[in-house]
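These notes are about the structure you will find just below.
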Amino acid sequence: MADRSPLFLLLIFWTLSTGVFVAGDTHVFSSCGETVHLPCRNTDQHCRPGTDWVFNSYKRSPAVELISLGVKQRNPERLNLGSDCSLNISRVTTEDAGLYICTQWRGDQKQRPDSVVYLHVVAVSVFPPLSSSPSPGLFLTVYCQLFSYTADVCNRLVRSEDLHLSWVDEAGVDLNTDSRYQISSTGCIISLSTTLISEDEDKQWRCGVYQRNQLKTSDTFTVHYSAKGIRAPAVSPVHHTNCEDPQSPNPAGSSTAAKAEAETFCVIKQQ
3 MADRSPLFLL LIFWTLSTGV FVAGDTHVFS SCGETVHLPC RNTDQHCRPG TDWVFNSYKR
63 SPAVELISLG VKQRNPERLN LGSDCSLNIS RVTTEDAGLY ICTQWRGDQK QRPDSVVYLH
123 VVAVSVFPPL SSSPSPGLFL TVYCQLFSYT ADVCNRLVRS EDLHLSWVDE AGVDLNTDSR
183 YQISSTGCII SLSTTLISED EDKQWRCGVY QRNQLKTSDT FTVHYSAKGI RAPAVSPVHH
243 TNCEDPQSPN PAGSSTAAKA EAETFCVIKQ Q
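Quick note, this note's numbering runs 2 ahead of the 1-based positions in the sequence shown.
Here it is, written out as structure tokens:
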């Protein structure tokens, strides 16, 4: 008889977090606000009623069931089980980044191996946080981070899957080639520092996530000199929330205490 206990789920996630990627693992990349499709690759032509989706976040919150035997258990307004047993998540936030496992059941017997999906979410933030409109002469640093299940998982992806982050301008030119910009990269975080000039009005800088030189996803930062301020997420490095709405729960329904254990910085997506 297969085991569906919380202890068994914890053992699965611990094993995956300390091991290496295997051929059957799926990696999905997204930016905030998008809808993602997480495939369940252990199904046949038809989705079985006995489908489980289990999630664990990059903040190491306890593993939770999002879908149990085909029934949504968490955040029903953002989750949807596809006809092929895929898990669809709308309005993605950085808190959705993590490890997802799809399991198929027939009675109390597990059918086929689990399907493992890693969701990686890219987001930008600016420091110092801007309380008013930016202006020429302001020195700022824009951070871009790829959020994953854990920092180790993300760094392992960089090493083993030829993944990197890069800042480019509107024409797709790598900003690392322009001496005006100071760019620093450490694993899954890349920063861009510069002093704003008048020609930066409405200029857009794009942080792209590339795997084997193919763009997987991106997020943008736009300078706008007006009363509305800057058209980009702006947040203090010590503030923790997701990139869409500080009151919006992630699929796992993380608690306030769990949010306090977030990464060094995260972002608020301004409307």
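Here a beta-carbon is modelled for each residue, glycine too, at the ideal position from N, C-alpha and C.
{"Check": "Length of the line joining the Cα atoms of CYS190 and ARG108", "Outcome": "40 Å"}
{"Check": "Helix, strand or coil at ARG198 according to DSSP, with G and I counted as helix", "Outcome": "Correcting the residue type first, residue 198 is Leu in the shown sequence and not Arg. Three-state result, LEU198: coil."}
{"Check": "Counted within 10 angstroms of its Cβ, other Cβ atoms place ALA173 as buried (16 or more) or exposed", "Outcome": "exposed"}
{"Check": "Cβ neighbours of VAL124 in the same chain (closer than 6 Å, five flanking residues each side left out)", "Outcome": "SER33, LEU148, VAL211, THR219 and ASP221"}
{"Check": "Sequence ranges, alpha helix (DSSP H) only - wholly within the region 124 to 166, length at least 4", "Outcome": "153 to 162"}
{"Check": "Supposed close pair HIS166, VAL160 - CB separation, criterion 8 Å", "Outcome": "7 Å"}
{"Check": "Extent of the continuous beta strand (DSSP E) to which ASN90 belongs", "Outcome": "89 to 91"}
{"Check": "Extent of the continuous beta strand (DSSP E) to which GLU67 belongs", "Outcome": "66 to 70"}
{"Check": "Where THR179 falls: helix, strand or coil (DSSP)", "Outcome": "helix"}
{"Check": "Same chain, Cβ closer than 8 Å to LEU83, neighbours up to 5 away in sequence not counted", "Outcome": "CYS49, THR53, TRP55, ILE69, GLY72, LYS74, LEU89 and ASN90"}
{"Check": "Candidates THR28, THR96, TYR102 and PHE223: closest to GLU67 by CA position", "Outcome": "TYR102"}
{"Check": "Candidates PRO64, ASP27 and ILE199, of which the one nearest LEU140 by Cα", "Outcome": "ILE199"}
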